[in-house]
Amino acid sequence: MHLRKSAVLISGMGSVGVEIAKNLVLGGVRHVTIQDTVNTSWYDLSAQYFLCEENIGENRAKCSLPHLSELNDSVQVAALTEPITEEMIDLFDLVILTDCGYGLQDEVNAWCRDKGCYLWWPTLAVCSPTSRSTQELDSRLMTRIEQCHEFLIDYVDKVSGDITTFDNAPHNLEDGDYVTFVEVKGMTELNNCEPMRVTVKKPDVFNVGDAVKHFSDHTGCGRGKQVKQPVKVDYLDLKTSRADPELLIWDMAKYENGLALHYLWQCLYRFEEIYNRTPVPQNENDFELFYAELQNPTDVDYDVEMIKDFCFQSRGNLVTVASVVGGIASQEAMKLITHHMTPLKQYMYIDHYDSMPGPGTGYDPKYLNEEDCAPRDHRYDGNAAVFGWHFQEELKRQKWFVVGAGAIGCELLKNFAMMGLCCDGPDGMGRLKITDMDQIEVSNLNRQFLFRRHDVGKKKSDRVPLAVLTPI
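Given below as structure tokens:
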């Protein structure tokens, strides 16, 4: 399967869903279908950059469609506003779920496994600086995309199975690699043979065991070539993996956090299922209800402050976290539909607690109260749910200077705009200045998503300010 032949379904057009959709459309996936039954709310506007105030109350997928479609005219983008059904799965090679609970996760998981479709499930710690990316796949064959090594052969010892490269040149193989051969003289059985598994003995010598024991004598020369062999990767279904998670450690300095976050996320889903809402930021009563639902396995050492932070910040919606989670999810999607590189297995939790203002800053979250984080029907409700409104006002008064409006520059400026950084202007204190001497070229359009075809030939620094909140 290749990108230009693949069809992907992305469910949920919140902050993570739109980031994944944007990346896959820019990456050139042939068919991208976005699906959502949820209408736009004020909380979406802090991180979903294809929505604006005029879209409040309208379907998120429907509103996002025209903006995604104009990113790449070679990609077919469609929107669905009805719930996912089993029949839909037949049309796609990959299904990506965001913004959904365990019930839908398990149901779609079962459909995908029955139909041989991939399921990738990334989730933003909906409203907190903590996030999780999880994937669940059926068994599939994956190969690595690194270039295969080639080398010249000097001598083949059919007794020992040792093969020496010409002029002691390194073969660059590793134990377990596979090789085949051409242009071998004498031992012609090697030419275009089935790939042989090697054991490395020296940088210029590897061994193929008894594979050549009964072959003719080698009389000289020949070329060897590494052959990439598919690797079978098995994944547990979601229900099984929740009880026995396999965790990829994101930060070795927080080795124990992954398992704790695994159970905290399960607790959050149970809370949402019981009360049909997310915990209210800085509400002690909701914290008590949340804590009562938390499992306490013997192998998890919970930190009470971590539990409280997770609970209180779970309603937030940060564009910076969505960018990280959506970027990782997009990369994994590319792996899955191309069968290049081994995908993540099976859970990876990312926390951003270090981004919280610390003691002595004047914005320590320990001193926030419910009123400090209460929604105001404002585009920054999702930010204030985590950091509080006083911190949000400080962001607006910042003065920043950005040099470069290329791929990274566009991403930074998009995040700055959604955060409200330097937005208290032109008469207030906030200022954001952008400089870039380059002109926009056609080759920029597949990664610098603030620019469109009609921008080609114009100055980047002139066009970026017009794009960052129009919506982007």
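Using full-length UniProt numbering, the letters of the sequence shown correspond one by one to residues 1 to 472.
In this text, a Cβ means the ideal position worked out from N, Cα and C, and glycines have one as well.
Only a predicted model underlies this, so the values are computations on that prediction, with no experimental measurement involved.
If residue i and residue j are in contact, beta carbons under 8 Å, what's the gap, nearest whole angstrom?
{"i": "Gln448", "j": "Gly404", "result": "In fact, because the Cβ distance is near 11 Å, the residues do not count as touching under 8 Å."}
{"i": "Gly388", "j": "Leu413", "result": "Actually they are not in contact, since the Cβ atoms of Gly388 and Leu413 sit about 24 Å apart, beyond 8 Å."}
{"i": "Glu189", "j": "Phe215", "result": "4 Å"}
{"i": "Pro245", "j": "Tyr347", "result": "5 Å"}
Tell me the rounded alpha-carbon separation between residue i and residue j.
{"i": "Phe391", "j": "Asn59", "result": "31 Å"}
{"i": "Asp204", "j": "Gln331", "result": "35 Å"}
{"i": "Tyr269", "j": "Gly101", "result": "6 Å"}
{"i": "Pro281", "j": "Met429", "result": "29 Å"}
{"i": "Arg376", "j": "Met419", "result": "16 Å"}
{"i": "Pro359", "j": "Asp424", "result": "26 Å"}
{"i": "Arg140", "j": "Ile89", "result": "Bear in mind that the predicted position of Arg140 carries a pLDDT of just 43, short of 50, making it too unreliable to give a figure here."}
{"i": "Met196", "j": "Val179", "result": "5 Å"}
{"i": "Thr165", "j": "Asp154", "result": "5 Å"}
{"i": "Asp301", "j": "Lys308", "result": "14 Å"}
{"i": "Ala329", "j": "Pro357", "result": "27 Å"}
{"i": "Glu107", "j": "Gly12", "result": "16 Å"}
{"i": "Glu256", "j": "Met334", "result": "29 Å"}
{"i": "Gly222", "j": "Asp234", "result": "38 Å"}
{"i": "Pro465", "j": "Phe416", "result": "12 Å"}
{"i": "Phe271", "j": "Arg277", "result": "8 Å"}
{"i": "Asp99", "j": "Gly14", "result": "7 Å"}
{"i": "Val402", "j": "Thr435", "result": "7 Å"}
{"i": "Val456", "j": "Met437", "result": "14 Å"}
{"i": "His31", "j": "Lys62", "result": "16 Å"}
{"i": "Ile20", "j": "Val325", "result": "9 Å"}
{"i": "Pro297", "j": "Val304", "result": "15 Å"}
{"i": "Lys460", "j": "Ile440", "result": "6 Å"}
Using the Cβ count rule (16 or more neighbours within 10 Å means buried), how would you classify residue i?
{"i": "Trp400", "result": "exposed"}
{"i": "Gly17", "result": "buried"}
{"i": "residue 494", "result": "Because the chain spans 1 through 472 in this model, residue 494 falls outside it and cannot be assessed."}
{"i": "Met187", "result": "buried"}
{"i": "Asn109", "result": "buried"}
{"i": "Ser46", "result": "buried"}
{"i": "Asp299", "result": "exposed"}
{"i": "Arg4", "result": "exposed"}
{"i": "Val29", "result": "buried"}
{"i": "Arg463", "result": "buried"}
{"i": "Tyr275", "result": "exposed"}
{"i": "Cys422", "result": "buried"}
{"i": "His454", "result": "exposed"}
{"i": "Gly220", "result": "exposed"}
{"i": "Lys458", "result": "exposed"}
{"i": "Arg379", "result": "buried"}
Using only CA atoms, which one of the options lies nearest to residue i?
{"i": "Cys267", "options": "Val280, Asn257, Asn283 and Phe290", "result": "Phe290"}
{"i": "Val77", "options": "Phe215, Leu9, Thr40 and Ser41", "result": "Leu9"}
{"i": "Val442", "options": "Met334, Asn72, Gly362 and Ala61", "result": "Asn72"}
{"i": "Cys410", "options": "Leu445, Val325, Ser355 and Lys458", "result": "Leu445"}
{"i": "Lys115", "options": "Gln35, Lys366, Phe92 and Asp217", "result": "Phe92"}
{"i": "Phe50", "options": "Ile89, Lys22 and Cys112", "result": "Lys22"}
{"i": "Lys254", "options": "Glu82, Ser74, Ile350 and Val464", "result": "Ile350"}
{"i": "Ser41", "options": "Val325, Ser74 and Ile56", "result": "Ile56"}
{"i": "Asp217", "options": "Lys185, Lys228 and Leu238", "result": "Lys185"}
{"i": "Val231", "options": "His340, Asn172 and Leu173", "result": "His340"}
{"i": "Leu397", "options": "Pro365, Lys62, Leu432 and Glu371", "result": "Here residue 397 turns out to be Arg, not Leu, going by the sequence shown. If we check each option's Cα against that of Arg397, Leu432 comes out closest."}
Could you name the residues that DSSP lists as bridge partners for residue i?
{"i": "Ala79", "result": "Ile34"}
{"i": "Arg197", "result": "Tyr178"}
{"i": "Thr40", "result": "Ile56"}
{"i": "Asn207", "result": "Asp162 and Thr199"}
{"i": "Thr435", "result": "Val403"}
{"i": "Asn191", "result": "Phe181"}
{"i": "Val321", "result": "Per DSSP, none; premise fails for Val321."}
{"i": "Leu97", "result": "Ser11"}
{"i": "Tyr155", "result": "Thr164"}
{"i": "Gln226", "result": "Val179"}
{"i": "Glu150", "result": "Lys225"}
Taking only beta-carbon atoms, is residue i less than 8 Å away from chain B?
{"i": "Cys52", "result": "As a matter of chain content, chain B is missing from the structure shown, which is built from one protein chain."}
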